[in-house]
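Peer 1: Note that the working numbering numbers the sequence shown so that position 293 is 956, with each residue one more than the last.
Think of the CB as a built atom: it goes at the ideal place given N, C-alpha and C, for glycine as much as any other residue.
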Amino acid sequence: MSNPSGISLDPWFENYAERASGLTASEVRALFAVANRPEVVSLAGGMPFVAALPFDNVTKTVQRVLGTSGPQALQYGSGQGLPELREHIMSIMALEGIRAGVDDIVVTTGSQQGLDLISKLFINPGDAILAESPSYVGAMGVFRSYQARVEHVAMDDDGMIPQSLREHIANLRALKVPIKFLYLIPNFQNPAGVTLSAARRLEILDIAQAEGILVVEDNPYGLLWFDRPPPHAIRSADESGVIYLGSFSKTFAPGLRVGWVVAPHGIREKLVLASEAAILSPSSFSQMILAEYFESHDWKGQIDTFRGLYRERRDAMVEALAQYAPEIPHTTPTGGFYLWLSLPEGLDSKEMLPRAVKELVAYTPGTAFYANGDGRANLRLAFCYPEPSFIEEGIKRLSRVIAEELELLETFGPTNTSVSASLDAPPPEVT
Ligand code: PMP
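(1) Using only the heavy atoms of the ligand PMP, determine whether one of them is closer than 6 angstroms to the beta carbon of Q775.
(2) For P883, which of R863, K783, G909 has the nearest alpha-carbon?
(3) Regarding R1026 and the ligand PMP, is the C-beta to nearest heavy atom distance less than 6 angstroms?
(4) Return the Cβ separation of Y846 and A794 in integer angstroms, given the expectation that the two are a contact with Cβ distance under 8 angstroms.
(5) Pick helix, strand or coil for G904, following the three-state DSSP scheme.
(6) Can you tell which of L1069, D790, W888, A1019 has the C-alpha that lies nearest to the C-alpha of Q810?
(7) Hey, would you say the C-beta of Y799 is under 6 angstroms away from at least one heavy atom of the ligand PMP?
(8) Please classify F1075 as buried or exposed, where buried requires at least 16 other C-beta atoms within 10 Å of its C-beta.
(9) For chain D, is any of its Cβ atoms less than 7 angstroms away from the one on F889?
(10) Taking A794 as part of the beta strand (DSSP E), name the residues at either end of that continuous run.
(11) Under a three-way DSSP split, which group does P917 fall into?
(12) Find the nearest neighbour of P996 within the set R812, G708, A683, D821, judged by alpha-carbon distance.
(13) Whole angstroms is fine: what's the gap from G856's alpha carbon to P674's?
(14) How long is the line joining the alpha carbons of L695 and T687, rounded to whole angstroms?
(15) How far does the alpha helix (DSSP H) with R891 in it extend, from its first residue to its last?
(16) H751 to Y679, Cα distance in whole Å?
(17) Check whether the Cβ of S903 sits closer than 6 angstroms to any heavy atom of the ligand PMP, and report yes or no.
(18) The ligand PMP heavy atoms versus the CB of S910: any closer than 6 angstroms?
(19) Kindly examine the ligand PMP and report whether one of its heavy atoms sits closer than 6 angstroms to the Cβ of G922.
(20) Shortest alpha-carbon distance to V854 belongs to which of V840, G1029, E1055, A1066?
(21) With a 10 Å radius around its C-beta and 16 neighbouring C-beta atoms as the bar for buried, classify A683 as buried or exposed.
(22) Is it the case that the Cβ atoms of A736 and F948 are separated by a distance below 7 angstroms?
(23) Using alpha carbons as the reference points, say which of R727, R1060, E1008, Q965 lies closest to S705.
(24) Ignore the nearest five residues each way along the sequence and tell me which others in P1051's own chain have a CB closer than 7 angstroms to its CB.
(25) Tell me, to the nearest whole angstrom, how far the beta carbon of T1094 is from that of G742; I am working on the premise that it is less than 8 angstroms.
(26) Sorted by chain position, which residues of the same chain lie with C-beta nearer than 7 angstroms to A981's C-beta, five sequence neighbours on each side aside?
(27) Please list, in chain order, all residues of the same chain as S1062 whose beta carbon is under 6 angstroms from its beta carbon, the five residues on each side excluded.
(28) Give me the Cβ distance between G1057 and R920, rounded to the nearest whole Å; I'm assuming they're in contact under 8 angstroms.
(29) I want to know whether the region 962-973 touches the region 1008-1015 - three or more CB-CB distances under 8 angstroms.
(30) Run the CB neighbour count on F1046, radius 10 Å, all protein chains shown included, and call it buried at 16 or more, exposed below.
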């Protein structure tokens, strides 16, 4: 890759495939390294609060797996995933209205690998992917690495706006750009925290079906609702036109790296082949730990614990915003990890980040969640990881930074002091 002066520091630079140019490092990685220091309240990372897991039980589970099926647990496994775990996945998905057979499920190394495999199967350079506006940074990274053109469809508090979807489709059709799929995070969206309404789920599905567009439904947060469950999954209304992605990262632990994909028959067969080509088989050990955990523990009770914990943190953040920054609009999520904040006119979330980190608070600039450079007027706050008292302190510091930036803006007008912090590929703990 080349440095800012254009001189390549990598002797192999000329040899890379074209798609490697989509793999850009973040200039704010260093800032986030600072943000991980204990004195900084980080509202940037989307890290699940795994410390709330019953560690004694988890330890016993791991010991039991090794004691009873050690050699198998440390061996290669099926490319499609452990059948016992796929049985459990069926009952987990039933909670969101999805009926699927064990054979419809492909276990992946996190749902991130599912996104990569789907992209590998469908995207040619220049193909269009329709996504929410804003959308998940990790998905944007994958789509970019396959040289897709991401079209951001407008969203409001009820999720993606069907009319905006119709317009984007019409524009792309007029330009003769192939549309490969519609990528949606219907529940407690990352990063905006909004949930797609039941009526819009059906309307959007109708549009996709009428236009022959495949839907990719990414649902890592659906079970983490605070007051009432979200509407049923889109997949529950269409088994032939929807690929569904699930994950154990938020309801158990991301360190095991286990997710899954449910896909229409033909796509599922290709996915298994693509996954075997990429990784041979997902981790047998992780899958056996999960299967044993679901067999012997009150996993639904554990999800309730997570819900209570994240609800308390959401409340702490919303209350602190009402107290310290009452003028600033933000979404109020009813589940998940994130809230989306709109800055006062003239402020820039990318430019403000170094000052915020200096004031010992970190967030993720809105630009990370757009493939087209938009998002400067917004930022994402994650309430999943810090204790409520730290969340309050973080919001207090952030509101001070915003007030100071506004004062500077009023005194000196817009400046060009940007550190041009790019969040093209933030460190993994930010996603
Ligand atoms: N999709 C979304 C919307 C996410 O927020 C994340 C993680 N932050 C993922 C997919 C990837 O999750 P994992 O690979 O850990 O299952």
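Peer 2: Here's the rundown:
(1) yes
(2) G909
(3) Note that residue 1026 is Tyr in the sequence shown, not Arg. No, the beta carbon of Y1026 sits no closer than 6 angstroms to any heavy atom of the ligand PMP.
(4) 5 angstroms
(5) coil
(6) D790
(7) yes
(8) Exposed: under 16 other Cβ atoms inside 10 Å.
(9) Among the protein chains of the structure shown there is no chain D, as only one such chain exists.
(10) 791-795
(11) If DSSP states are grouped into helix, strand and coil, P917 belongs with the helices.
(12) D821
(13) Distance between G856 and P674, taken at the CA atoms: about 43 angstroms.
(14) Sequence inspection shows Phe at residue 695; the Leu mentioned does not correspond to that position. C-alpha separation (whole angstroms): 16 angstroms.
(15) Taken as a continuous stretch (DSSP letters only), R891 belongs to no alpha helix (DSSP H), as it is neither H nor E.
(16) 42 angstroms
(17) no
(18) yes
(19) yes
(20) According to the sequence shown, residue 854 is Pro rather than Val. Here the closest residue by C-alpha is G1029.
(21) With a 10 Å radius around the Cβ and a threshold of 16 neighbouring Cβ atoms, A683 comes out exposed.
(22) yes
(23) R1060
(24) E975, R976, A979
(25) In fact, because the Cβ distance is near 26 angstroms, the residues do not count as touching under 8 angstroms.
(26) It should be noted that the sequence gives Val, not Ala, for residue 981. For V981, where only same-chain residues beyond five positions count, the Cβ hits under 7 angstroms are T995.
(27) Contacts found: Y987, A988.
(28) About 29 angstroms; that fails the 8 angstroms criterion.
(29) In short, these stretches do not touch, since the Cβ pair count stays below three.
(30) buried
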